[in-house]
Amino acid sequence: MDRFELTFKNKAVRIWFYTVFPAIILAIISIIILPNEQHKYVSLGL
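In our numbering, the protein residues as written are 14 to 59.
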């Protein structure tokens with residue numbers, strides 16, 4: 014089995030950084046900024 018390379022040459026790593034990473038940052042920022050009443054709409058299922 015080949016080693017998994019955590020570099021931007023790897024297509025899976027690029028896709029993850031372009032989609033998942035910004036989504037996590039936006040979710041954290043929205044939870045911090047929005048008032049508590051709005052948290053039910055931005056729930057992370059916790």
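The C-beta atom is built at its ideal place from N, Cα and C for all residues, glycine as well.
With respect to the alpha helix (DSSP H) encompassing residue i, which residues constitute its N-terminal and C-terminal limits?
i	result
PHE34	24-46
By Cβ distance below 7 Å, which residues in the same chain neighbour residue i in space, the five residues on each side in sequence not counted?
i	result
VAL26	LEU19, THR20
By Cβ distance below 6 Å, which residues in the same chain neighbour residue i in space, the five residues on each side in sequence not counted?
i	result
ASP15	none
Mind checking if residue i is an interface residue toward chain D, Cβ cutoff 9 Å exclusive?
i	result
LYS22	Looking at the structure shown, chain D is missing, and only one protein chain is on hand.
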